[in-house]
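Take 119 as the starting number for the sequence shown in the working numbering and just add one per residue.
Cβ coordinates follow ideal geometry from the N, Cα and C atoms, glycine included.
Just so we're clear, the structure is a prediction, and the values are computed from it rather than from any experiment.
To start, the structure itself, in structure tokens.
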Amino acid sequence: MAKPGKNNLITDVAGISVGQAEDARVRTGTTLILAEKPAVAAVCVAGGGPGTRETDLLAGGTLVDAVDAICLSGGSAFGLAAADGVAAGLKKAGRGFGLIDLPTVPKSPIVPAAILYDLANGGDKDWGEASPYAALGRKAYDNASGTFRLGRAGAGYGAAAGAHLGGTGSASIVTRDRITVGALAAVNCYGSVYMPGTDAFWAWPYEIDGEFGGVRPPSDFSMNAEDWGAAKLNPSLGQNTTIACIATDAILTPDQAKRVAQMALSGFSRAIRPVFAPFDGDAVFVLATGKRALPDPTAATLARIGELAASTLARAIARGVYMSGR
119 MAKPGKNNLI
129 TDVAGISVGQ
139 AEDARVRTGT
149 TLILAEKPAV
159 AAVCVAGGGP
169 GTRETDLLAG
179 GTLVDAVDAI
189 CLSGGSAFGL
199 AAADGVAAGL
209 KKAGRGFGLI
219 DLPTVPKSPI
229 VPAAILYDLA
239 NGGDKDWGEA
249 SPYAALGRKA
259 YDNASGTFRL
269 GRAGAGYGAA
279 AGAHLGGTGS
289 ASIVTRDRIT
299 VGALAAVNCY
309 GSVYMPGTDA
319 FWAWPYEIDG
329 EFGGVRPPSD
339 FSMNAEDWGA
349 AKLNPSLGQN
359 TTIACIATDA
369 ILTPDQAKRV
379 AQMALSGFSR
389 AIRPVFAPFD
399 GDAVFVLATG
409 KRALPDPTAA
419 TLARIGELAA
429 STLARAIARG
439 VYMSGR
């Protein structure tokens with residue numbers, strides 16, 4: 119049977135590390151998913167109010183088909199500057215894409231990014247002319263490792279999941295033929311992650327070994343199409359977002375990574391209700407580190423990876439909210 123990796127984190131995927139940084143005064147943070155070597159990447163954006171950087175590079179048919187890192191951040195549009203700090207760290211390490219290999223010409227680090235809105239969470243946003251996000255990005259880069267905190271940490275530090283605390287969550291799965299898929303999510307959704315009137319997560323069918331509390335819905339639970347549970351009461355445009363990254367050690371082409379991203383979107387739907395609203399900025403990236411050849415390189419195997427991405431993402435979302443309350 120497939121089972122979680124050693125740490126049940128996205129960093130169980132070979133070639134992936136994660137760094138995080140927070141600013142308690144501002145009540146915000148940044149999460150970096152760092153690839154050991156340039157990784158094939160893709161993205162799917164499903165929310166109606168996204169905030170992203172360099173996602174056009176991942177559309178296919180472009181010059182660059184691999185990235186150095188993915189940056190997820192709070193801060194709304196200001197948070198996109200976190201990728202500048204990440205790029206600075208990568209430049210110092212000599213990483214990036216270059217058409218010309220000359221010592222006097224720096225390479226350009228490729229760091230697609232997405233942000234969530236946490237500007238109205240009560241933190242001190244009077245930071246003057248320079249936002250804290252580039253510094254947070256650089257700190258996250260310097261902190262990158264194989265383990266990291268869940269819950270009120272990184273990009274999910276100042277987030278809210280419906281009427282509950284949001285947070286950063288992660289999970290992983292390893293198949294019987296040793297393919298590893300991991301997910302990381304920063305959860306700041308409009309919709310509820312809990313079933314109405316219960317402490318059970320919508321994602322409960324995908325839970326493994328009680329990783330987000332083991333609560334199950336009551337036997338007499340009745341579904342009401344108009345009862346969403348504890349969603350945010352007064353959502354506003356652009357203020358509600360879940361941003362996520364899937365990683366796998368499988369060798370994928372850019373087109374295959376795009377298909378995995380498209381399938382992974384259903385992980386949002388399994389964990390949050392409603393989702394992809396006009397005021398959400400939901401987006402999911404995919405990184406393929408290329409450490410493991412597909413045992414059966416067919417569409418059926420790709421479908422397996424896509425389904426594992428979706429279920430693992432649903433688990434990561436629930437874990438992020440669960441750990442925020444611990």
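For Glu140, the three-state secondary structure derived from DSSP is strand.
In terms of Cα proximity to Val158, the closest of Thr129, Arg171, Ile188 is Ile188. Around Leu176, the same chain offers Ala159, Ala160, Val161 as residues with beta carbons nearer than 6 Å, after the five sequence neighbours per side are excluded. Taking the C-beta atoms as reference points, Leu234 is found no nearer than 7 Å to Gly167.
The C-alpha of Gly133 lies about 24 Å from the C-alpha of Pro224.
Taken through DSSP and simplified to helix, strand or coil, Leu198 comes out as helix.
Per DSSP, the continuous alpha helix (DSSP H) segment holding Val439 begins and ends at 417-442. The C-alpha of Phe266 lies about 22 Å from the C-alpha of Thr359. Within the same chain, and ignoring the five residues on either side of Asp183 in sequence, the residues whose Cβ sits closer than 7 Å to its Cβ are Val158, Pro372. In this structure, the CA atom of Ala262 is about 31 Å from the CA atom of Ser310. Membership of Phe386 in the alpha helix (DSSP H) is indicated by the continuous run 372-389.
Rounded to whole angstroms, the Cβ separation of Tyr308 and Asp398 is 6 Å, and the two are in contact under 8 Å. By the C-beta criterion, the stretch 325-337 is judged not to be in contact with the stretch 384-391, since fewer than 3 inter-stretch pairs fall below 8 Å.
Ranking Leu152, Glu154, Ala200 by CA distance to the CA of Gly255 puts Ala200 first.
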